[in-house]
Amino acid sequence: MSLYETWVQSAYDTQGGTIKRVWDVYLPLEQKIYEEMLATKNPEITGVLGELAASHDMTAEFFVGFLDGISGALDAAPNVEELEESSEINVKVDFEALLRRMVDFKAQHLINLPQWDNIYNAEERERLFKEQRAAKTVVREGAKIGRNDPCPCESGKKFKKCCGAA
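Numbering-wise (the working numbering), the sequence shown opens with residue 1 and increments by one.
Below, the structure written as structure tokens:
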């Protein structure tokens, strides 16, 4: 079984929900990595996976979970399903993409880390935050169909009795 499969089996139940006792251990370790990365302004993650995990006091499975979680903010995300403890990691984190992912996942505890001040000032963070929130806003085209309006499928029925029936 791969490190990634072990991570998924330990962190998620069969319905895709999280296993609280695992995440209670993982999240503080993840936060420490972010704090260090932001404090040093070092976007590079390089080294052997097992050694990187050990340097952050986590298991290799946890570190694979971390890499999977930030994959959308990496310049060249590794295939996490193929990673082994001996795998060489050489990636660069895009801080703007990372902040946007944190906004998407509503990770307030990470968005509000004081170390972000080393990367973006408060105004820049607020702008990025608002831009990312606005990017997720769905804009409806045309007028809303009322339940008593004729159905747009032209059946001649009211919307509530046709396509709008639940």
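Ideal Cβ positions, reconstructed from N, Cα and C, are used throughout, including at glycine.
Cβ neighbours of Ala60 in the same chain (closer than 7 Å, five flanking residues each side left out): Leu3, Leu49, Gly50, Ala53, Glu85
Would the region 27-41 count as touching the region 105-123 if we require 3 or more Cβ pairs under 8 Å? yes
Own chain residues within Cβ distance below 7 Å of Leu83, not counting five before or after: Leu3, Tyr4, Leu49, Val64
Selected residue, minimal CA-CA separation from Lys32, among Ser10, Asp57, Lys20: Asp57
Report the three-state DSSP secondary structure of Tyr12 (helix, strand or coil). strand
Within 6 Å: the Cβ of Glu131 and any heavy atom of the ligand GTP? Looking for the ligand GTP in the displayed structure turns up nothing, as the structure carries no ligands at all.
In terms of alpha-carbon separation, which member of Gln15, Ile89, Tyr12, Ala11 lies closest to Pro43? Ile89
Could you tell me if Val25 is buried or exposed, where buried requires 16 or more neighbouring beta carbons within 10 angstroms of its beta carbon? exposed
To which residues does DSSP link Thr40 through a beta bridge? Looking at the DSSP assignment, Thr40 forms no beta bridge with any residue, so it has no partner.
Three-state secondary structure (DSSP) of Thr6: helix
Could you give the DSSP three-state label for Glu84: helix, strand or coil? coil
From Ser71 to Gly142, what distance separates their C-alpha atoms? 37 Å
Say whether chain B places a C-beta atom closer than 7 Å to the C-beta of Phe62. Note that chain B does not occur in the displayed structure, where there is just one protein chain.
Mark Ser87 as exposed unless 16 or more other C-beta atoms lie within 10 angstroms of its C-beta, in which case mark it buried. buried
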